[in-house]
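First comes the structure, then the notes that go with it.
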Amino acid sequence: MPKSETILTIVTFIYGLAVIFYMISWIFKKELPGKLATGSMIAGAAGNTAGFLLRWVESHQMGYGYVPLSNLYESLVFFALSVSLIYLFVEFRYKMRSIGAFASIVPFLVMAYASLPSVESSIQPLIPALQSNWLIAHVITCFLGYAAFAIACGISIMYLIHSASGDTEKGPVSRFPNPETMDELTHQMITFGFLLLSIGIITGAIWADQAWGRYWGWDPKETWSLVTWLVYATLLHARLMRGWTGKRIAVLSCIGFAAVLFTYFGVNYLPGLHSYQ
Amino acid sequence: MDNQKQTSSLPVSFIDRLWDFFASVRLSVVLLLSLAATSIIGTVIPQNAAESTYVRKFGPDLYSVLDSLSVFNMYQSWWFRLLLCLLIVNLVVCSVRRLRATWKVIFPKKTNYNPDRFRKAADRINWEIKDTPPESVKKICENYMNRRYRHLKTMQEDSAYWIFGERGRWTRLGVYGVHLSVILLVLGGLIGSLLGFEGMMNVPEGQARQTFSLRHSDKSMKLEFAIRCDEFTVSHYPSGRPKEYRSDIAIIENDQVVKEHRLRVNEPLRYQGINIFQSSYGQTAASSFTVVFTETESGMRFEKNAVMGEPVSMPAGRGKLVVEDFSSNFAFRGHNVGPAFLARLEPTSGESRPVLLPANYPNFDRMRGGDFAISVENVEYSYYTGLQITRDPGVPLVYVGFALMILGCYVTFFMFQKKICIEIRAQNNGTGISVSGISGQKRPGLKADVRRLAQKLQKLTKQRTDL
Ligand code: HEM
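Right under this line is the structure:
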């Protein structure tokens, strides 16, 4: 087993620790677990980066030399990394930790899924169609976008919990950021995600144009990424033109992320070609 | 709608209402969601499959209903195109209607400099500078603002100054850029699907081809030029995975080679608006080979030279054999038997029947139990390259749309118009400064911008006082 995989297995556990610490710090309002949570999240992200880079090096040592973004396993690793980096950015920028209890679950689950034996993790050389820089740009931008949407969805769920609970003055819910902040953060994550998803779809289209002579072929993966884009475009118009905020935007943001998940995982169960196999 | 409009003559109000309808975001939301919903149909029901597949799945009655609704080719259907056209109308009408107001924001007849509006701004930052007269602070601030803000104006009242600056008016155009990009993408797509084509051409090594078969139809088309394949190579990694497919091709016009190109996956050739892609490959057999008839009883061999498509007479006047076709990977009852010839046996007496002659299994035909077992020998193989041939006149429009979409989204989301006011007044033998900003677009970034500006000005004025 290459070293990168060992590191990434450890990273999965560190992310697990981060989830536990964030939960403890949120529910019991303790300072020390909070610091430990942030520490383990940073350690997880650092390890995740190291694992990613090491896999890159290993692919060179094996004589294939490619950016590790070409199969399901590698995309999961990069997705987890994107979520944890964007989350950490938010935590430091806004100096609040309660979002961590919801956001840190994502990289943990993603890495746990990547560690399943059914997810092929060996380093395989690239088949001709995947040897393209557009593909690298495509995967990076798409997954950064997905990561921003994931965090937006986490915050939206918090918002919905907050508005559903009667007493927001006491208990763990009182330690959520205030609703306006959550609403604003959701919006910022979604605008960032939308820009990156747009770039992701576009670079993917350019790649398809280079490899297959068509920039758009309505295959299920492409179509679902368009559906996702349309859902978020609807959300943006509802907000900017019709003044929707709060609960309704939070619900749309959850629907949008459901579409992201379907684009990523669900599409493989549909008839078609574009799956990571 | 106000009363006056309602009492006006009917046609005008109808047109107004139609105009309102086409400009509304409600329509866009309905269109966006309809596109999302209908797009999903096409991912659940595979598109452009063979008719028999659908009939088996849905039954003949449901099939004909669904087929008349173009469900099996829905992205090219009239109703999907109608949705796209409505989208364009929506965007155009909305933009035309809005542009005049936006124009006034970008090029106002006169700009309103009113300190009161800034005094109410929430994120006002105040500080004091000792021992410096307002005039010199004003100069420093003006200097700084000069380089960074447009539409600058300083106002004075007694010993108080207001420096107004504004920038980013043009960012109001960002959303028009996005909407224009959507229009370009839809138009480009429509042009491509109406005027473009997509097809496949198999070119054996050493040969040239000019016609190709169109995708999703049984028609074929002829190019203005011929494509010759000089060499095809496929290389593999040690694990057996394909590493590279490569065709060295030449474009031939009037028997002259006008262009040579090394075609790889991801490195297509574009020639005269036609795109040529490396798409697949296969093996073909050379057209002449040896057919061997082995008499079952005696085991005697009779070898005959054969040419694809021409009859070979069987020994002892038993009839004729015509080798009609070749497949490089023939599947026999689900097993891949490798390269195989398909032939037709025409006995002198009795009915003609097909026979399968796998090149790697010379005893295969014994199964048939005829008087003679047939096999094929001395087969020479050559590769053919599978080229995808496309033409899409919509592509330039689409690429411009791509660039505009990214640019427009960035401007719309991350840039905004902002107005800044720096108030400078004499105060306790020094100067008091307040910095505040407003933006018509209610952006969270404004607060950070004002803070950054205040910090910068604090630093500049401090340097000055330290001197
Ligand atoms: C895909 C098809 C789209 C349609 C049919 C559409 C339609 C519309 C319409 C009708 C309006 C109202 C126009 C007005 O009254 O000013 C609008 C506004 C707006 N659209 Fe879109 N839009 C689309 C895509 C997008 C995208 C991709 C974005 C993302 C950046 C976007 C961002 C906006 C914004 C920010 C506004 C508000 C403009 C303002 O505040 O003045 N639109 N859109």
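Residue numbers (the numbering used here), protein chains in the order written: chain A, 127 to 403; chain B, 199 to 665.
Cβ atoms here follow ideal geometry from the backbone N, Cα and C, with glycine treated the same way.
Comparing the C-beta of residue i with each C-beta of chain B, is any distance below 9 Å?
{"i": "A/ARG368", "result": "yes"}
{"i": "A/GLN187", "result": "no"}
{"i": "A/TYR402", "result": "Any reading at A/TYR402 is ruled out, since the residue's pLDDT is 37, under 50, leaving its predicted position unreliable."}
{"i": "A/ILE253", "result": "yes"}
{"i": "A/ASP293", "result": "no"}
{"i": "A/GLY398", "result": "In this prediction, A/GLY398 scores a pLDDT of 47, lower than 50, which makes its location untrustworthy; the coordinate-derived value is nonetheless stated afterwards. Answer yes: the Cβ-Cβ gap between A/GLY398 and chain B drops below 9 Å somewhere."}
{"i": "A/PHE391", "result": "no"}
{"i": "A/GLY364", "result": "The sequence given here places Ala at residue 364 of chain A; Gly does not occur at that position. Chain B contact via Cβ: present."}
{"i": "A/TYR285", "result": "no"}
{"i": "A/LEU162", "result": "no"}
{"i": "A/VAL377", "result": "no"}
{"i": "A/THR360", "result": "yes"}
Mind checking which residues open and close the alpha helix (DSSP H) that includes residue i?
{"i": "B/ALA424", "result": "Unbroken run through B/ALA424 is the beta strand (DSSP E), 418-434; no alpha helix (DSSP H)."}
{"i": "A/ALA255", "result": "Careful: A/ALA255 lies outside any alpha helix (DSSP H) and carries neither H nor E."}
{"i": "A/ARG301", "result": "Premise fails: A/ARG301 is in no alpha helix (DSSP H) and is neither H nor E."}
{"i": "B/TYR252", "result": "249-266"}
{"i": "B/MET603", "result": "593-612"}
{"i": "B/THR236", "result": "223-242"}
{"i": "A/SER166", "result": "157-187"}
{"i": "A/LEU366", "result": "346-366"}
{"i": "A/ARG120", "result": "The question about residue 120 of chain A has no answer here: the residues shown for chain A are numbered 127 through 403."}
{"i": "B/VAL335", "result": "332-346"}
{"i": "B/PHE316", "result": "313-317"}
Report the neighbours of residue i on chain E: residues whose CB is nearer than 8 Å to its CB, in chain order.
{"i": "B/GLN586", "result": "Absence of chain E from the displayed structure is noted, the protein chains being A and B."}
Thinking C-alpha only, which one of the options is nearest residue i?
{"i": "A/THR135", "options": "A/PHE154, A/PHE234, A/ALA263 and A/PHE275", "result": "A/PHE234"}
{"i": "A/ARG365", "options": "A/THR312, A/GLY339 and A/LYS129", "result": "A/THR312"}
{"i": "B/ALA529", "options": "B/VAL521, B/PRO556 and B/GLY517", "result": "B/PRO556"}
{"i": "B/ILE604", "options": "B/LEU233, B/SER550, B/TYR374 and B/ALA424", "result": "B/TYR374"}
{"i": "B/ALA448", "options": "B/LYS351, B/ASP428 and B/GLN639", "result": "B/ASP428"}
{"i": "A/PRO243", "options": "A/GLY382, A/ILE327 and A/TYR199", "result": "A/TYR199"}
{"i": "B/LYS308", "options": "B/LEU350, B/VAL269, B/VAL290 and B/PRO537", "result": "B/LEU350"}
{"i": "A/GLY330", "options": "A/PRO254, A/THR267, A/ALA206 and A/ALA144", "result": "A/THR267"}
{"i": "B/TRP325", "options": "B/PRO642, B/GLN653, B/LYS660 and B/GLY630", "result": "B/GLY630"}
{"i": "B/ILE472", "options": "B/PHE423, B/ASP453, B/MET512 and B/GLY515", "result": "B/PHE423"}
{"i": "A/PHE320", "options": "A/THR360, A/ALA290, A/GLU306 and A/ILE332", "result": "A/THR360"}
{"i": "A/GLU131", "options": "A/MET149, A/HIS288 and A/ALA240", "result": "A/ALA240"}
{"i": "B/PRO190", "options": "B/LEU519, B/ALA504, B/LEU554 and B/VAL228", "result": "Since the displayed chain B opens at 199 and closes at 665, residue 190 of chain B lies outside it and no answer follows."}
{"i": "B/LEU388", "options": "B/GLY643, B/CYS619 and B/GLY592", "result": "B/GLY592"}
{"i": "A/GLY326", "options": "A/ASN197, A/THR294 and A/VAL265", "result": "A/VAL265"}
What span of residues does the beta strand (DSSP E) with residue i cover, start to end?
{"i": "B/PHE539", "result": "538-545"}
{"i": "B/ILE631", "result": "628-636"}
{"i": "B/LYS518", "result": "517-525"}
{"i": "B/LYS307", "result": "From DSSP, B/LYS307 is part of no beta strand (DSSP E); its letter is neither H nor E."}
{"i": "B/TYR469", "result": "467-469"}
{"i": "A/SER151", "result": "First-last for A/SER151: 129-154, but that is the alpha helix (DSSP H), not the beta strand (DSSP E)."}
{"i": "B/PRO402", "result": "395-402"}
Under 9 Å between C-beta atoms, does residue i make it to chain A?
{"i": "B/ASN473", "result": "yes"}
{"i": "B/PHE270", "result": "no"}
{"i": "B/PHE611", "result": "yes"}
{"i": "B/LYS441", "result": "yes"}
{"i": "B/ASP265", "result": "no"}
{"i": "B/GLU493", "result": "no"}
{"i": "B/TYR273", "result": "yes"}
{"i": "B/SER226", "result": "yes"}
Can you tell me which residues form a DSSP beta bridge with residue i?
{"i": "B/GLN476", "result": "B/LEU585"}
{"i": "B/LYS502", "result": "B/VAL489"}
{"i": "B/PRO509", "result": "B/VAL520"}
{"i": "B/ASP446", "result": "B/GLU429 and B/ARG460"}
{"i": "B/LYS351", "result": "B/PHE362"}
{"i": "B/TYR579", "result": "B/ALA483"}
{"i": "B/ARG551", "result": "B/LEU543"}
{"i": "B/HIS377", "result": "Answer is none; B/HIS377 lacks a bridge partner."}
{"i": "B/VAL574", "result": "B/VAL489"}
{"i": "B/ASN534", "result": "B/ALA529"}
{"i": "B/THR409", "result": "B/LYS420"}
{"i": "B/PRO556", "result": "B/ALA538"}
Checklist entry - Which residue spans inside the region 193-248 of chain A form an unbroken alpha helix (DSSP H) run of at least 4? => result Uninterrupted alpha helix (DSSP H) stretches at least 4 residues long and entirely within the region 193-248 of chain A occur at 198-220, 226-229 and 231-240, given in chain order.
Item to check | Unbroken stretches of the beta strand (DSSP E), 3 residues or longer, contained in the region 276-303 of chain B | outcome: Counting whole runs of 3 or more residues, the region 276-303 of chain B contains no beta strand (DSSP E) stretch at all.
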